[in-house]
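Chemist: Pasting in a structure now, in structure tokens, and then I'll have a few things to ask.
2 protein chains.
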Amino acid sequence: MEYQNALSKLASAFGDQLTTVKSVRETHGQGEGHQKNCPPDAVLFAISTEDVATAVRICAAHKMPIIPYGAGSSLEGHVSAPKGGLSINLSKMNKVLALNALDMDVRIEPGITRKQLNQHLRDQGLFFPVDPGADATIGGMVATRASGTNAVKYGTMREQILSLKVVTPTGTIIETGTRAKKSAAGYDLTHLYCGSEGTLGIITEATLKLHPIPEKIAAGVCCFPDLESAINTVISVMQSGIGISRIELLDVLSIKAVNGYSKTNHKEAATLFLEFSGTNAAVAEQIETCKAIANDFNGADIEFAENQEAINKLWHARHQLYYATRALAPGKESITTDVCVPISQLADCMLETREDLTSSGLVATMLGHVGDGNFHTIILFDADAADEIAQVTELSEGMAKRAIAMGGTCTGEHGIGCGKQTYLEWERGNAVDIMRSVKTALDPDNIMNPGKIFRG
Amino acid sequence: MEYQNALSKLASAFGDQLTTVKSVRETHGQGEGHQKNCPPDAVLFAISTEDVATAVRICAAHKMPIIPYGAGSSLEGHVSAPKGGLSINLSKMNKVLALNALDMDVRIEPGITRKQLNQHLRDQGLFFPVDPGADATIGGMVATRASGTNAVKYGTMREQILSLKVVTPTGTIIETGTRAKKSAAGYDLTHLYCGSEGTLGIITEATLKLHPIPEKIAAGVCCFPDLESAINTVISVMQSGIGISRIELLDVLSIKAVNGYSKTNHKEAATLFLEFSGTNAAVAEQIETCKAIANDFNGADIEFAENQEAINKLWHARHQLYYATRALAPGKESITTDVCVPISQLADCMLETREDLTSSGLVATMLGHVGDGNFHTIILFDADAADEIAQVTELSEGMAKRAIAMGGTCTGEHGIGCGKQTYLEWERGNAVDIMRSVKTALDPDNIMNPGKIFRG
């Protein structure tokens, strides 16, 4: 085996923490996306920054690839090992290291999931807002610049990170920032690492901003006669500047999928899932403005969830939509698209996309964090049918090209991984050369998650 | 002259746009800080991205340094040319290229100043919030990751930039992002360039987020019996989560300076300058909460400005504080410190600093964007008196070390330039090596603003 020397040294250094068992390697060779399983040669269950640094030094000496692994919820093949190597599983590094309630920040290990973190915070009157569909690890969310339903109010991971501890490709441990809310001290390495998808080093700790739980939260659903009316409502709400906290769009088929999977009983129509938060007075103002706008576009009355439990249930159902869609046709594979456009382009972009999907004849739901101009389609296809694969590829490429032409991006929150490397080149052009220069400077032997972000 | 060949080519290419007149070169050799004047060999008044790219290619071929110049308002020597070279003055590139009111974004050239931009926006119901003391150019503000009084509500330049056009050290033109509100497409070059102080390339266009002018704005001042009471009020206001839009602290001497320079009549006491904004209901709530907190710390009643003109006058006086302080002792030189700490450390940090200043016997004002934990001291000294220079150095170093020890940063918003390179090493340690690797990869001949950020 190519990396036998490295594997022997890793085995000596880590004993039972290292495994080469096939089933474990296969679990680590694929996320939740449709990309093919590429298992690593071994998996290390790290329990400390020192573990990671030791492993990186051994791998670096033998030019053996290193792939960080959190919850395995990536949709873009980030965790796969196309060139073999060592998968470093960080899920056992899931401690809260320091909670500074007065400063509203927290220091965590990267393997903690978003739900575990919020569970830890629940008695503090504080919460961490970023909520991708899956219960991802914070480390993975930093590495992919993730967001979710709360981004319209709180921003994405990009806006929540104060500092990172990183093991660099040489096995050196650096700290990228401080606990200060702002700083102009040198290059912004924190944001260089946020979204670097494991290609520049491995995040082993992070300092995150927290937010006070609002005095009042109200959430509900609002049905529309068609997709266009719902989208136009979103655009007007955003332009009103009322500061809504979540505004999610589900198309008819998404609602059917949710009803089937989560045993809910929503009317089958294009629907906005809405949340208002703030002081009592602020929430009352937000609701009044939003109702008036929805009314202008023939929206039904907002059906409010009656209590926090019902609100939680509502958002849980929304977060399960990926699984709900897949349950529409068990056995089929799925691809999730992820474009994001300026809000003024959202109606055109979504409606043209819906037409393409309908023409294709494939089953596909359409949903999105539309307040940010970000939406997904989840397209089901038969992984053994060449014509369906070709159709899906054409649809996905078409969406990326359309979004880029409209001033948007091929990925709002899922990242590039091994699925969108060509799209990245379409979008960023020769700026990708600068990214490559940075990659080569920091990781000249290309041991850090090779085959991700960059083509070839 | 070392760069004679390059200068000849630049003269041929640019004619009257290039000058080597001594007085112009000297104007470009120093910002508003105390660092010594290092004039460039020539100054180019660029009027297009192509101008900049052409100049960079000529300079790169001769390894001639390039120093970008905007308004010259840097406090950390960013514009000086310690190794000679070409200063590229971007102030004639000050157009608004595209205003997308529906998307609340704007595309500008880098030489536009913050006041020029807001003048352009005034009929749109939108504004650009970042407001350093000086009327700096947006390009300079991007390059130094600037902020100001509004950062407590709106964030710093870091949070306002969607994309940048940059001329790289090889003269290539890249675009770092799109108009989408969020993206997970590859490395975050936008934020790598934001705060890079001209050392990685020259920004020639930028897409910025805009914000709706709030329905209601109220501003006023609140006096306290001592600095500690004022600081504790700030900490409590921030922890209340009421979402104040500005909260600025001025010590007694700052108020005296303002009164003298701006012909105001504020009571000579530690004072908070406050601004509340949002809907009418939200502002009423903010004021009520803030009054109650100030009252707990023996603050006087808030004296509100009566109308928008009075509000503008209030903030203009605050923005003039650098000049007001210098007017306390004409002929003296000044140094402006710029630490930022977690809010829980703010009282200790400011009170210990005040003690050091008082012990020194030097005249110094103390003021700050305290809602972010960021404060400045402006210390006046005799540039010909070795003992005063030594004192100022010791004070400045002591503040940086204290802030770093408290989990903060040596610069909240002014940048490193040529004044704080050692402080950067104290703060970021071996992470500076990673910054150097990035610098070397992108600019191997070190032609882009050499002598800034990095020591040696």
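Chains as they are written, first to last, in this note's numbering: chain U, 1 to 456; chain H, 457 to 912.
Where a beta carbon is used, it is the ideal one built from N, C-alpha and C, also for glycine.
1) Measure from the C-beta of I203 of chain U to each C-beta in chain H and report whether the shortest distance is under 8 Å.
2) In the DSSP assignment, find the unbroken alpha helix (DSSP H) run with I217 of chain U in it and report its ends.
3) Please list, in chain order, the chain H residues whose beta carbon lies closer than 7 Å to that of T156 of chain U.
4) Whose C-alpha, out of H:I594, H:P585, H:L618, H:N545, is nearest the C-alpha of V608 of chain H?
5) Could you give the distance in angstroms between the alpha-carbon of L500 of chain H and the alpha-carbon of L555 of chain H?
6) Since L7 of chain U meets chain H, which of its residues come closer than 7 Å, beta carbon to beta carbon?
7) Can you tell me whether DSSP reads R145 of chain U as helix, strand or coil?
8) Closest to A599 of chain H by CA distance: which of H:L851, H:H534, H:K637 is it?
9) Under 7 Å Cβ-Cβ, which residues of chain U neighbour G697 of chain H?
10) What residue ranges within the region 133-193 of chain U form continuous alpha helix (DSSP H) runs of no fewer than 4 residues, ordered along the chain?
11) So, I749 of chain H versus F732 of chain H, is the Cβ gap smaller than 8 Å?
12) Compare the C-alpha of G868 of chain H against each of U:G361, U:G177, U:L200, U:A185 and name the closest.
13) Measure the CB-CB distance between G70 of chain U and P40 of chain U and report whether it falls below 8 Å.
14) How about A897 of chain H: is its C-beta nearer than 8 Å to some C-beta of chain U?
15) Answer with yes or no whether the minimum CB distance from T279 of chain U to chain H is below 8 Å.
16) Closer than 7 Å between beta carbons: that is the criterion. Which residues of the region 301-317 of chain U meet it against chain H?
17) So, does the CB of G198 of chain U fall closer than 8 Å to a CB anywhere in chain H?
18) Using a cut-off of 8 Å between C-beta atoms, extract the partners of C410 of chain U located in chain H.
19) Can the beta-carbon of I416 of chain U be found closer than 8 Å to that of K439 of chain U?
20) Sorted by chain position, which residues of the same chain lie with C-beta nearer than 6 Å to V283 of chain U's C-beta, five sequence neighbours on each side aside?
21) In the DSSP assignment, find the beta strand (DSSP E) that holds T655 of chain H and state where it starts and stops.
22) For P798 of chain H, which residues in chain U fall below 9 Å Cβ to Cβ?
23) Where DSSP assigns a beta bridge to G525 of chain H, which residues make up the other side?
24) What is the C-beta distance between V690 of chain H and I703 of chain H, in whole angstroms, given that I count them as a contact (C-beta under 8 Å)?
25) The alpha helix (DSSP H) that contains E744 of chain H, what's its start and end?
26) Based on Cα-Cα distance, which residue from H:C796, H:H647, H:T605 lies nearest to F831 of chain H?
27) So for T20 of chain U, helix, strand or coil by DSSP?
28) Do S852 of chain H and I791 of chain H come within 8 Å of each other at the CB atom, strictly closer than that value?
29) Work out the CA separation of G657 of chain H and L777 of chain H for me, nearest whole Å.
30) Specify, as a first and last residue, the run of the beta strand (DSSP E) that T792 of chain H falls within.
31) My guess is that P342 of chain U and G407 of chain U are in contact by the Cβ rule of under 8 Å, so how many angstroms apart are they, rounded?
32) Starting from T624 of chain H, find everything on chain U with Cβ-Cβ shorter than 8 Å and list it in chain order.
33) Cutting at 6 Å between CB atoms, please list the residues of its own chain near C38 of chain U, excluding the five before and the five after it.
34) Using the Cα positions of T54 of chain U and N446 of chain U, report the straight-line distance between them to the nearest angstrom.
35) Report the residue from U:C418, U:Q391, U:S240 whose alpha carbon sits nearest the alpha carbon of L582 of chain H.
36) To the nearest angstrom, how far is the alpha carbon of S603 of chain H from that of M855 of chain H?
Modeler: Reading from the atomic positions:
1) no
2) Taken as a continuous stretch (DSSP letters only), I217 of chain U belongs to no alpha helix (DSSP H), being part of the beta strand (DSSP E) at 216-224.
3) K638
4) H:P585
5) 28 Å
6) Ordered by position in chain H, no residue passes the 7 Å Cβ test against L7 of chain U, which lies about 29 Å from the chain.
7) coil
8) H:H534
9) P212
10) 138-143, 151-154, 157-160, 189-193
11) no
12) U:A185
13) no
14) yes
15) yes
16) none
17) no
18) A641
19) no
20) K216, A218, F276
21) It is not in any beta strand (DSSP E) - T655 of chain H carries neither H nor E in the DSSP assignment.
22) N100, L102, D103, D105, T178, R179, A180, K181
23) Note on residue identity: the sequence assigns Tyr, not Gly, to residue 525 of chain H. Note: Y525 of chain H sits in a beta bridge opposite H:N545.
24) 6 Å
25) 736-752
26) H:C796
27) coil
28) yes
29) 32 Å
30) 789-792
31) 5 Å
32) I434
33) G29, S80, A81, P82
34) 18 Å
35) U:S240
36) 20 Å
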